[in-house]
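In what follows, a single structure is set out as structure tokens and then discussed.
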Amino acid sequence: MGHRVRRGAAVLGALILLGGVGCSPDGRGPDGSRFDGSSPAGVASADTEVTDSPPEPSPTPSRVVVKPERPAAMDDDGPAGAEAAAVYFVKLDSYTQATGDTAEWEAMSHEVCGFCAGRLAQAQRIAERGDAFVGGELCAEVRHTYRMDLPTGIWPIDLDIAESPTRIIRPDGTVAFETGESRYVKRVEVARRHGAWVVFTVGSIPES
Numbered sequence: 001m002g003h004r005v006r007r008g009a010a011v012l013g014a015l016i017l018l019g020g021v022g023c024s025p026d027g028r029g030p031d032g033s034r035f036d037g038s039s040p041a042g043v044a045s046a047d048t049e050v051t052d053s054p055p056e057p058s059p060t061p062s063r064v065v066v067k068p069e070r071p072a073a074m075d076d077d078g079p080a081g082a083e084a085a086a087v088y089f090v091k092l093d094s095y096t097q098a099t100g101d102t103a104e105w106e107a108m109s110h111e112v113c114g115f116c117a118g119r120l121a122q123a124q125r126i127a128e129r130g131d132a133f134v135g136g137e138l139c140a141e142v143r144h145t146y147r148m149d150l151p152t153g154i155w156p157i158d159l160d161i162a163e164s165p166t167r168i169i170r171p172d173g174t175v176a177f178e179t180g181e182s183r184y185v186k187r188v189e190v191a192r193r194h195g196a197w198v199v200f201t202v203g204s205i206p207e208s
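Mapping the sequence shown onto the UniProt record's numbering, position 181 (from 1) lands on 181, and the numbers just tick up by one.
Right, dumping it as structure tokens:
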């Protein structure tokens, strides 16, 4: 799985916007971010208290969160489809957290994907508690696409990701968790199963 096919930009273009945040990833992964998996199981705990004095309670913002559009390229069963699926899955994260609509996330998550399960659990916990997930928009650029692993059919894809500041707000308006903007690189491994793309892994790039 270590042979590079090409730079993914040749397929998806130079930049794929996944949310309202500008994107110029530099590949760094600072501690404390959520999607980069630095928290246990890749999950930002809604139990985490902000160390500063809590702000005065304020009403939860009224927001309309639009589900990301599934890219037509995902119909392709080759590298273009693999890249589109990897980026789309990243795009689904903030939508899933903000709305509690986990159907698409679950459909694309393979049972062995620990990161996928962790983010699903957080989305369900946020919904159960009536918390609000604010921000966390993501944008990504395909850095490298590697050859498909023939025994498994898995395509490893490296993504540069930029994530906007995030807050988890309790029903009373107090902040349960917050963190600033972060930039990092992740490897997403996808494969076709029963005619659809599924995600096996989202994690750090192994050291060579």
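Ideal Cβ placement from N, Cα and C applies to all residues, glycine included.
Use the C-beta contact count for residue 183: other C-beta atoms within 10 angstroms, 16 or more gives buried, fewer gives exposed. buried
Using the rule of at least 16 other Cβ atoms within 10 Å of the residue's Cβ for burial, across every protein chain shown, is residue 138 buried or exposed? Buried, by the Cβ-count rule.
From this set, 161, 178, 200 and 198, which residue's C-alpha is nearest residue 186's C-alpha? When only C-alpha atoms are compared, the closest one is 161.
Strand pairing of residue 156, partner residues [DSSP]: In DSSP, residue 156 forms a bridge with 189.
The stretch 80 to 89 / the stretch 139 to 159 touching (three or more Cβ pairs under 8 angstroms): yes
Going by beta-carbon coordinates alone, are residue 188 and residue 198 separated by less than 8 angstroms? Remark: C-beta atoms of residue 188 and residue 198 do not approach each other more closely than 8 angstroms.
Going by DSSP, which residues form a beta bridge with residue 139? Bridge partners of residue 139: 162.
Which residues does DSSP pair with residue 177 in a beta bridge? 168
Would you decide whether residue 41 is buried or exposed? Buried here means 16 or more other CB atoms lie within 10 Å of its CB. For residue 41, the predicted model reports a pLDDT of 37, less than 50, meaning its position is unreliable; a value from the coordinates is still stated below. Exposed, since its Cβ has fewer than 16 Cβ neighbours within 10 Å.
As a quick exercise: from 69, 65 and 79, pick the residue whose alpha carbon is nearest that of residue 144. 79
Can you tell me which residues form a DSSP beta bridge with residue 197? 192
Less than 8 angstroms between the C-beta atoms of residue 89 and residue 108, yes or no? Contact flag set, yes.
Pick out whichever of 71, 64, 129 and 204 has its Cα sitting closest to the Cα of residue 171. Of the candidates 71, 64, 129 and 204, the one whose C-alpha sits nearest the C-alpha of residue 171 is 129.
Neighbourhood of residue 165 by C-beta, 6 angstroms cutoff - its chain only, sequence neighbours within 5 removed: 135, 180 and 181
Let me know the secondary structure DSSP gives residue 64 once reduced to three states. coil
Buried or exposed: which applies to residue 131, given that a residue is buried once 16 or more other Cβ atoms fall within 10 Å of its Cβ? buried
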